[in-house]
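Participant:
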Amino acid sequence: MDIELIGRVWIYFAEAALVTVQISVLAILLGLCLGFVAALGSLSVNAALRWPSRAYVSVFRGTPALIQLFLLYFGGPQVGIHLDPMEAGIIGLGINIGAYMCESIRGAIISVDKGQTEAGRCMGLGHFQVMNKIILPQAARMMVRPLGVNSIALIKGSAIVSTISVLELSYTAHRYISSTYKPFEMFFLASIFYIVIVTIFSYGVGKIDRRVSLEN
Amino acid sequence: MGLDFTIIPSYLDILITGTYWTVALSTLSIFFSLVGGVFFAVVQLNRHAIVRWPFSGIAWLFMGTPLLLQLFLIYFGLVQIGIDLNAFTAGVIALSLHFAVYNADIIKSAIVAVDKGQYEASRSVGLSQLQAMRKVIVPQAIANVTPALGNMMIALLKESSLVSVIGVMELTLSSQRAISDSFRPFEFYIAAAAIYYILNLGLEYGVRNAERRSARYR
């Protein structure tokens, strides 16, 4: 283990880790929005809303994220979508994780007892009001953990944006592996940053989960 | 530049070769990730902390880092210590190890979830420790793990696309070859996505079938 080398390059890894965090956070936010809309759509009684949502989930969960990213970044210009690597990375990852988040959100919503909806309707609330005032507040506490799992998968999955040359943690690791021929040291260094990011994030998710869960 | 999907048939052979390698890569990795998963699960249930400890370290490292980095580590790292692997073997090793760690977690909790009374009952009717494991505990555990392991297999098939970065000519890299020849990224990535989607549907069908069959042990 070349400690001296690690001491020299760790600062570049730290900078790259910030890029990873930035991409991940933005992609998670985009994924949450898309997932939420798609989840409501897939539970709609209106087939014109239900089918596009189901197709979105099926297609984006059924194909590799890497292909989706390449399609957006390299294929996009052919259909008039010009994005720089960072934008393509965030949008590509966000759309991908949105499909997984949709399933988490949908699962939480349908796990709320059907009697709640019926009771709400009996009280004279409309569909929208029942969803907004009765179902979603109860579903929210159940979606924290699965959405946290999705988000952590995304943080690790964000490594794939290195293939479209976004200067994040994996790209930096790859570059230093090629220039120093020290794969173990570089892997070790990048791993530490990934594990720190993931640990902090899961700590945060755990905190939110404890706060909203019914056991307290 | 407009879209022209009619170009795809003229590159069909390269896509078929890529699909073949993706299937080979995924099948081998699924097999080894299951074997490795069982092995790691058994190790993790060992009574002695000294046996468990090294695995916990590996599991912690492999669950906390991206597969892409692990690929780099295995492909470039093993060369550093003098083991020269071809890209395909490195890809199989990385995918198998990565998913074995996740499978081990699933298998371990399934074995633990089988009621202790089952084990005690089988021992008291005269089965040996190994027989109890093989005839009573594992069949019940299998029924519990099939859906979760199935999801891991489906994930593995998709993640196998990452192996293209170390130069394995699987579906992703083959479509890139077709693209560098035809300059039509959109068409070929759509084609690759469609092939992955079909492979996925096939695998999912197989997994659901296996689920139904294993459910009778419940």
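These protein sequence lines are chains A and B, in that order. Residue 802 is where the first sequence starts when you use the working numbering, and the numbers rise one by one after that. Residue 12 is where the second sequence starts when you use the working numbering, and the numbers rise one by one after that. All C-beta atoms in this analysis are idealised placements derived from N, C-alpha and C, irrespective of residue type, glycine included.
#1: Only counting the same chain, and skipping five residues up and downstream in sequence, which positions put a Cβ closer than 6 Å to that of Leu-835 (chain A)?
#2: Answer yes or no: do Thr-76 (chain B) and Tyr-995 (chain A) have a C-beta to C-beta separation smaller than 7 Å?
#3: Cβ of Val-123 (chain B) within 7 Å of Cβ of Ile-148 (chain B)?
#4: Is Thr-157 (chain B) near Glu-215 (chain B), with beta carbons less than 7 Å apart?
#5: Which bits of chain B does Phe-1002 (chain A) rub up against, with CB to CB less than 9 Å?
#6: Quick check on Trp-32 (chain B): buried or exposed, where buried means 16 or more other Cβ atoms within 10 Å of its Cβ?
#7: Is there a C-beta anywhere in chain A that falls below 7 Å from the one on Asn-211 (chain B)?
#8: Shorter than 6 Å, the distance from the beta carbon of Ser-854 (chain A) to the closest heavy atom of the ligand COA, or not?
#9: For Phe-199 (chain B), is the classification buried or exposed, using 16 other Cβ atoms within 10 angstroms of its Cβ as the cut-off for buried?
#10: Note down, one range per segment and in chain order, each alpha helix (DSSP H) of at least 4 residues found wholly within the segment 126-190 of chain B.
#11: Check each residue of the segment 70-91 of chain B: if its Cβ is closer than 7 Å to any Cβ of chain A, include it; give the result in chain order.
#12: Between which two residues does the alpha helix (DSSP H) containing Lys-957 (chain A) stretch?
#13: Taking just the CA atoms, how far does Val-962 (chain A) sit from Ser-135 (chain B)?
#14: How big is the Cα-Cα spacing for Val-1013 (chain A) and Lys-934 (chain A)?
#15: Assuming Asn-897 (chain A) is part of the alpha helix (DSSP H), what are its boundary residues?
#16: Helix, strand or coil for Ser-21 (chain B) per DSSP?
#17: Pick helix, strand or coil for Leu-926 (chain A), following the three-state DSSP scheme.
#18: Which residues, in chain order, does the segment 172-193 of chain B contribute to contact with chain A at a C-beta distance below 9 Å?
#19: Got a sec: is the Cβ-Cβ distance from Pro-865 (chain A) to anything in chain B below 7 Å?
#20: Across the segment 919-937 of chain A and the segment 861-877 of chain A, are there enough close Cβ pairs to call them in contact, namely three or more that are closer than 8 Å?
#21: Do three or more CB pairs link the segment 953-969 of chain A to the segment 69-88 of chain B at distances below 8 Å?
#22: Can you name the residues of chain A whose CB is closer than 9 Å to the CB of Phe-197 (chain B)?
#23: Output the distance between the C-alpha atoms of Leu-39 (chain B) and Phe-99 (chain B), rounded to the nearest integer angstrom.
#24: Just the C-alpha distance for Val-826 (chain A) and Ile-1009 (chain A), rounded to the nearest angstrom, thanks.
#25: Roughly how many angstroms lie between the CA atoms of Ile-892 (chain A) and Gly-128 (chain B), to the nearest whole one?
#26: Pick helix, strand or coil for Arg-851 (chain A), following the three-state DSSP scheme.
Facilitator: Straight from the coordinates:
#1: Gly-899
#2: yes
#3: no
#4: no
#5: Simply none; closest approach about 11 Å.
#6: buried
#7: yes
#8: Looking for the ligand COA in the displayed structure turns up nothing, as the structure carries no ligands at all.
#9: buried
#10: 127-135, 149-170
#11: Leu-72, Gly-75, Thr-76, Pro-77, Leu-79, Leu-80, Phe-83, Leu-84, Phe-87, Gly-88, Gln-91
#12: 937-958
#13: 57 Å
#14: 16 Å
#15: 886-911
#16: helix
#17: coil
#18: Ser-172, Leu-173, Ser-175, Val-176, Leu-182, Thr-183, Ser-186, Gln-187, Ile-190
#19: yes
#20: no
#21: yes
#22: Leu-872, Phe-875, Gly-876, Gly-877, Pro-878, Gln-879, Val-880
#23: 11 Å
#24: 16 Å
#25: 51 Å
#26: helix
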